[in-house]
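Only one structure is covered here, and it is reproduced in the block below.
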Amino acid sequence: MSYQPLPSDEATHGARSHRKGLSSSQLLKDFRAGNTQTCPELVCSWILIVLTYLFMILTFPVTGWFVLKSVPKYERFVVFRLGRILGSKGPGMILLLPFIDRWQKVDLRSKTFIIAPFEAKCKDEAVINVGAEVQYHIWNPVLSVALVEDIDSTTAYTAQNVMRRLMHKETLAQIQEDKSKTGEQLAFEVNKKTKHWGMEVQRVDLILHSVVNRPEEDQPGFETSPPSSRLEKLPAPLRKLATQMMQNRRSPQSIHLSSHSSESEDSIQTPSVMTESEDLESDIISPDWILSKVKAFLSEDLVKQIGACYLFSVNQKDGTQNLYFLDLSRDSGKAGYGMPEGDPHVTLEVTEDTMQGLFSGDLKPFSAYMSGRIRIQGDLKLAMKLEDLIKKLNR
Numbered sequence: 001m002s003y004q005p006l007p008s009d010e011a012t013h014g015a016r017s018h019r020k021g022l023s024s025s026q027l028l029k030d031f032r033a034g035n036t037q038t039c040p041e042l043v044c045s046w047i048l049i050v051l052t053y054l055f056m057i058l059t060f061p062v063t064g065w066f067v068l069k070s071v072p073k074y075e076r077f078v079v080f081r082l083g084r085i086l087g088s089k090g091p092g093m094i095l096l097l098p099f100i101d102r103w104q105k106v107d108l109r110s111k112t113f114i115i116a117p118f119e120a121k122c123k124d125e126a127v128i129n130v131g132a133e134v135q136y137h138i139w140n141p142v143l144s145v146a147l148v149e150d151i152d153s154t155t156a157y158t159a160q161n162v163m164r165r166l167m168h169k170e171t172l173a174q175i176q177e178d179k180s181k182t183g184e185q186l187a188f189e190v191n192k193k194t195k196h197w198g199m200e201v202q203r204v205d206l207i208l209h210s211v212v213n214r215p216e217e218d219q220p221g222f223e224t225s226p227p228s229s230r231l232e233k234l235p236a237p238l239r240k241l242a243t244q245m246m247q248n249r250r251s252p253q254s255i256h257l258s259s260h261s262s263e264s265e266d267s268i269q270t271p272s273v274m275t276e277s278e279d280l281e282s283d284i285i286s287p288d289w290i291l292s293k294v295k296a297f298l299s300e301d302l303v304k305q306i307g308a309c310y311l312f313s314v315n316q317k318d319g320t321q322n323l324y325f326l327d328l329s330r331d332s333g334k335a336g337y338g339m340p341e342g343d344p345h346v347t348l349e350v351t352e353d354t355m356q357g358l359f360s361g362d363l364k365p366f367s368a369y370m371s372g373r374i375r376i377q378g379d380l381k382l383a384m385k386l387e388d389l390i391k392k393l394n395r
């Protein structure tokens, strides 16, 4: 099934919405129907509007700098007057009343966002690590503001859920053979969910990062992940045991290669030393150690700089899950175990290894997010502010 994009001409908005199944004018009528004013409210509103116009006329040389706005061709201003939606204005020069008008800018240009890699299960029981690049644009600014609080994050969340369901309906071979067809189907399904929001998904490019678990019938035909990456996923005690078993398997080879016995012993002993040093480092940079170090850096200046509350859900190496919070939104800041006193602005789900990499400076928050090692719920910009804290910790 191929997806045909909608026309971009503004004059066709009504026809476009009718083809989608519900006109934008009908949606706006329904939206405004819930905001009808009583007679006293209507009289008070008009009195305020008339007084505002008089004030603006009397002080026009000064207020002219504030009430006249120039709107580019690719933007619209969605105006709210006394808390009720008035409509969109632009492009060109527009007039906004002081004190009683509030507005929100809406960019009509095409935008692109990346869906971070996540694991999805296919129809043939294969598990893949998949992401996507989604391109969309807003064709009705009023609907995009009136019906959705944050259209970017809402669209990304919806697209990820649709991807997960669609991957479950197709086999790994089907996905690998025709990614473009799968992308068209994704765009069609996402538009069915978002058609009433005044936005349209134009293109979805499916990105297959890796095959985590291949189908049982096709096991010989797929590449497996390297042993080192599989060992890192094991808990610390099992990882040490598996490393020793791998070293024991290599030891007979050094006996047969008598001419290179000393070199073989060095090559066998070196990984064990590296493993011990890595384990020692991971024991030192534990979540509890990070928490104690962060507490020492809490200050009012840090709260002013970051101004956000974070909740960390850390998946430990032994399989348990612990909660840590970092509240940099008030007073001198606070950090500890469990939930914060207020609602967190950002929730981050990480593994213990990822958390160690972040706070040791080896891993950047944005790189970890793009590679799928961090799952973020909330404001992405606030989450990226953690990099400022990490830099201070590693000075």
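Using full-length UniProt numbering, read the sequence shown as starting at 1 and increasing by one per residue. Glycine included, each C-beta is placed from N, C-alpha and C at the ideal position. Quick caveat: nothing in here was measured; it's all calculated off a predicted structure.
Next item on the list: Name the two residues that bound the continuous alpha helix (DSSP H) containing Leu-54.
Entry: 39-58
Next item on the list: For the beta strand (DSSP E) containing Met-199, list its first residue and its last residue.
Entry: 199-213
Checklist line | Residue range of the beta strand (DSSP E) that includes Glu-341 | finding: Note, Glu-341: premise wrong, no beta strand (DSSP E); not H, not E.
Notebook entry, point to check: Between which two residues does the alpha helix (DSSP H) carrying Thr-354 extend?
Noted result: 352-359
Margin query: Going by DSSP in three states, Leu-326 sits in which element: helix, strand or coil?
Written below: strand
Next item on the list: Report yes if the CB atom of Ile-138 is closer than 7 Å to the CB atom of Leu-186, and no otherwise.
Entry: no
Notebook entry, point to check: Quick check: the stretch 133-149 against the stretch 77-97, are there 3 or more CB pairs under 8 Å?
Noted result: yes
Checklist line | Gln-305 versus Lys-293: straight-line alpha-carbon distance, rounded | finding: 18 Å
Next item on the list: Would you kindly report the start and end of the unbroken alpha helix (DSSP H) that includes Arg-165?
Entry: 151-169
Notebook entry, point to check: What's the gap between the Cα of Tyr-337 and the Cα of Lys-121?
Noted result: 34 Å
Notebook entry, point to check: With a cut-off of 8 Å, do at least 3 Cβ pairs link the stretch 89-107 to the stretch 355-367?
Noted result: no
Margin query: Could you compute how far the alpha carbon of Gln-377 sits from the alpha carbon of Ile-390?
Written below: 20 Å
Notebook entry, point to check: Where do the ends of the alpha helix (DSSP H) carrying Trp-103 lie?
Noted result: No alpha helix (DSSP H) contains Trp-103, which is instead part of the beta strand (DSSP E) from 101-107.
Notebook entry, point to check: Roughly how many whole angstroms lie between the Cα atoms of Thr-38 and Ile-57?
Noted result: 29 Å
Next item on the list: State buried or exposed for residue 400, treating a residue as buried only when at least 16 other CB atoms are found within 10 Å of its CB.
Entry: For residue 400 there is no data in the structure shown, the boundaries of the chain being 1 and 395.
Check: Do you know how far the Cα of Pro-72 is from the Cα of Lys-192?
Finding: 30 Å
Checklist line | Phe-297 and Leu-311 closer than 7 Å at C-beta | finding: no
Next item on the list: Please report how far the alpha carbon of Val-130 lies from the alpha carbon of Leu-206, in whole angstroms.
Entry: 7 Å
Check: By how many angstroms is the C-alpha of Asp-388 removed from the C-alpha of Val-303?
Finding: 12 Å
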